[in-house]
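When we follow numbering that gives the first Met the number 0, the leftmost residue of the sequence shown carries the number 0, and every step to the right adds one.
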Amino acid sequence: MHKLTKFCLVSLCSVIYTFAEAKTKPATQNFLFLGSNHDQLKKYEKQIDQTVISGVQLVYSWKLLEPTKDNYNFAAIEQNLKYLNAHHKKLFIQIQDRFFDADAKNVPAYLMSDPIYNGGITPQYDNPGENVPKTSGWVAAQWNPEVRLRFQKLIQALATKFDGKIYGINLPETAIDVKKQDKTGFNCKSYFNAEIENMMAAKSAFKHSYVVQYVNFFPCEWNNDHGYMSELFHYASAHNIGLGGPDVVPYKKAQMHNSYPFFHKYRHKLPIIAMAVQSPDYSYVNPKTKKTYSKADFRKFAEDYLGANIIFWDVEHNNMH
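Now the structure itself:
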């Protein structure tokens with residue numbers, strides 16, 4: 000083959016590949032994160048209606064969605080979806096089984112009372128932000144197969160009702176810090192396996208809406224020394240599952256020893272990457288400017304390094320211009 004012809008063909012293939020890659024990788028979308036403020040969409044209507052906003056992310060506790068065993072109440076999601084559809088916006092739901100307040104045991108009561116669930120929840124610690132005191136909270140004992148079965152049943156019920164109607168569903172962050180007084184039989188490997196199983200259950204249930212697993216840290220692991228982080232990213236990529244995280248803090252040391260480098264490595268290998276810039280993130284100081292990070296700082300890092308297709312912006316920091 001003539002060298003010039005061969006060069007042209009290679010160049011053409013490269014252009015076609017680049018164009019195809021650009022076509023398949025969705026442009027970054029901005030969502031507003033409203034937390035669990037399901038009844039306040041009207042309050043934030045002006046922000047929601049901005050043309051640069053694609054949709055809203057809302058958090059729904061397990062207790063809210065399943066008040067009693069097998070009695071599902073999806074009224075809040077239905078109302079939010081109806082409102083957002085009328086405003087031509089998308090809904091991303093987060094199902095919460097872990098909580099960052101000592102009084103928040105927002106799981107169905109039967110999990111805590113029926114002996115088969117061995118307590119159902121266990122205490123945990125949380126570090127909410129820079130120079131912010133450590134707090135206590137609770138996490139569902141997903142490492143207990145009976146608890147996990149109930150959680151997966153909830154996911155299936157949600158999929159039956161909302162698959163293809165909501166834009167996506169995300170499962171909570173992987174980071175937990177279980178207290179020593181745990182009585183539920185926690186161990187790190189069982190927890191990791193439970194996270195993988197729940198992630199797969201969500202993907203199997205939701206065939207049309209995006210599925211995103213939030214991942215930041217794993218208990219017992221640092222710098223992938225147990226192989227948990229690498230295995231989760233490989234598994235998600237192999238099964239076409241999206242990943243994301245609850246915080247964007249550019250080059251934060253702790254994150255750079257855990258999930259961030261894997262987001263960078265897999266930024267072209269996942270169907271979607273959805274990163275949240277939540278209120279505590281604004282407390283961190285940019286070492287270069289000696290000022291707190293700006294929205295531009297968050298966006299550049301989320302898009303260029305982490306490969307984010309979606310950014311969930313805290314509604315209280317909602318100036319998108």
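Backbone N, C-alpha and C define an ideal beta-carbon position, used for all residues, glycine too. A quick note: this is a predicted structure, and the numbers were derived from the prediction, not measured.
Does the segment 190-205 come close enough to the segment 260-277 that 3 or more CB-CB pairs lie under 8 Å? no
Return the CA-CA distance between TYR250 and TYR259, expressed in angstroms with no decimal places. Looking up residue 250 in the sequence shown gives position 251. Looking up residue 259 in the sequence shown gives position 260. So the two alpha carbons sit approximately 8 Å from each other.
Ignoring anything shorter than 4 residues, give me the alpha helix (DSSP H) runs that lie fully in the segment 249-318, in order along the chain. 252-255, 259-264, 294-299
For TYR234, which residues from the same chain have a beta carbon less than 7 Å from its beta carbon, with the 5 sequence-adjacent residues on both sides left out? Stepping through the sequence shown from its first residue, residue 234 is reached at position 235. So the qualifying residues of the chain are ILE195.
Could you say which of ASN169, THR134, LYS182 lies nearest to PHE311 if we only look at CA atoms? Position 312 of the sequence shown, counted from the start, is the residue given in the question as residue 311. When each option's Cα is compared against that of PHE311, the closest is ASN169.
Tell me which residues share the same chain as LEU83 and place their Cβ nearer than 8 Å to its Cβ, disregarding the 5 neighbours each side in the sequence. For this step, residue 83 is matched to residue 84 along the sequence shown. The answer, listed in chain order, is LEU40, ILE47, GLY54, VAL55, LYS89, LEU90.
Whole angstroms is fine: what's the gap from ASN70's alpha carbon to ALA156's? Walking along the sequence shown from the start, residue 70 turns up at place 71. Walking along the sequence shown from the start, residue 156 turns up at place 157. ASN70 and ALA156: Cα-Cα distance of roughly 10 Å.
Coarse secondary structure for ILE165, derived from DSSP in three states: Start at 1 with the first residue of the sequence shown, and residue 165 comes out as number 166. If DSSP states are grouped into helix, strand and coil, ILE165 belongs with coil.
Can you grab the Cα-Cα spacing for the pair HIS37 / GLN78, in whole Å? Looking up residue 37 in the sequence shown gives position 38. Looking up residue 78 in the sequence shown gives position 79. Distance between the alpha carbons of HIS37 and GLN78: 9 Å.
Restricting to Cα atoms, I'd like to know which of LEU80, GLU230, THR173 is closest to LYS164. Indexing the sequence shown from 1 puts residue 164 at position 165. Among LEU80, GLU230, THR173, the Cα nearest to that of LYS164 is on LEU80.
Grouping DSSP H, G and I as helix and E and B as strand, with all else coil, what is PHE91? Residue numbering aside, residue 91 sits at position 92 when the sequence shown is read from its first letter. Look at PHE91 here: in three-state DSSP terms it is strand.
Inter-residue CB distance, ALA174 and ASN222 (contact presumed, cutoff 8 Å): The residue you call residue 174 lines up with position 175 of the sequence shown. The residue you call residue 222 lines up with position 223 of the sequence shown. In fact, because the Cβ distance is near 15 Å, the residues do not count as touching under 8 Å.
Does the distance from the C-beta atom of PHE191 to that of TRP137 stay below 8 Å? Your numbering for residue 191 matches position 192 in the sequence shown. Your numbering for residue 137 matches position 138 in the sequence shown. Not closer than 8 Å, so no.
Nearest-angstrom Cα separation, counted from VAL210 out to HIS316: Here residue 316 refers to the residue found at position 317 of the sequence shown. Here residue 210 refers to the residue found at position 211 of the sequence shown. Cα to Cα, HIS316 sits roughly 26 Å from VAL210.
Once DSSP output is grouped into helix, strand and coil, what is the label at TRP137? In the sequence shown, the residue the question calls residue 137 occupies position 138. In this structure, TRP137 counts as strand in the three-state DSSP scheme.
Per DSSP, which one or two residues make a beta bridge with ILE52? Mapped onto the sequence shown, residue 52 falls at position 53. According to DSSP, which records beta bridges pairwise, ILE52 is partnered with ASN29.
In chain order, which alpha helix (DSSP H) runs of at least 4 residues are fully inside the segment 167-254? If we require 4 residues or more, the alpha helix (DSSP H) runs fully inside the segment 167-254 come out as 187-204, 227-237.
If you drop the 5 nearest sequence neighbours on each side, which residues of the same chain put their C-beta closer than 6 Å to that of SER35? To locate residue 35, count along the sequence shown from 1; it is residue 36. Within the same chain, SER35 has close Cβ partners VAL58.
I need the straight-line Cα distance from ILE115 to THR67, nearest angstrom please. The residue you call residue 115 lines up with position 116 of the sequence shown. The residue you call residue 67 lines up with position 68 of the sequence shown. C-alpha separation (whole angstroms): 16 Å.
What distance in whole Å lies between the Cβ atoms of ASN308 and THR27, which are believed to be in contact at a cut-off of 8 Å? Residue numbering aside, residue 27 sits at position 28 when the sequence shown is read from its first letter. Residue numbering aside, residue 308 sits at position 309 when the sequence shown is read from its first letter. Cβ atoms of THR27 and ASN308 come within 8 Å of each other, at about 6 Å.
Span of the alpha helix (DSSP H), counted from its first residue to its last, around LYS81: To locate residue 81, count along the sequence shown from 1; it is residue 82. Where LYS81 is concerned, the enclosing alpha helix (DSSP H) stretches over 74-85.
Residue span of the alpha helix (DSSP H) that contains ALA101, given as start and end: If you number the sequence shown from 1, residue 101 lands on position 102. Per DSSP, ALA101 belongs to no alpha helix (DSSP H) and is neither H nor E.
Identify whether LEU40 lies in helix, strand or coil by the three-state DSSP scheme. One-based indexing of the sequence shown puts residue 40 at position 41. Of the three classes helix, strand and coil, the one that applies to LEU40 here is coil, per DSSP.
C-beta contact flag for GLU65 and PRO107 at 8 Å: As a working note, residue 65 is residue 66 in the sequence shown. As a working note, residue 107 is residue 108 in the sequence shown. A contact, by the Cβ cut-off of 8 Å.
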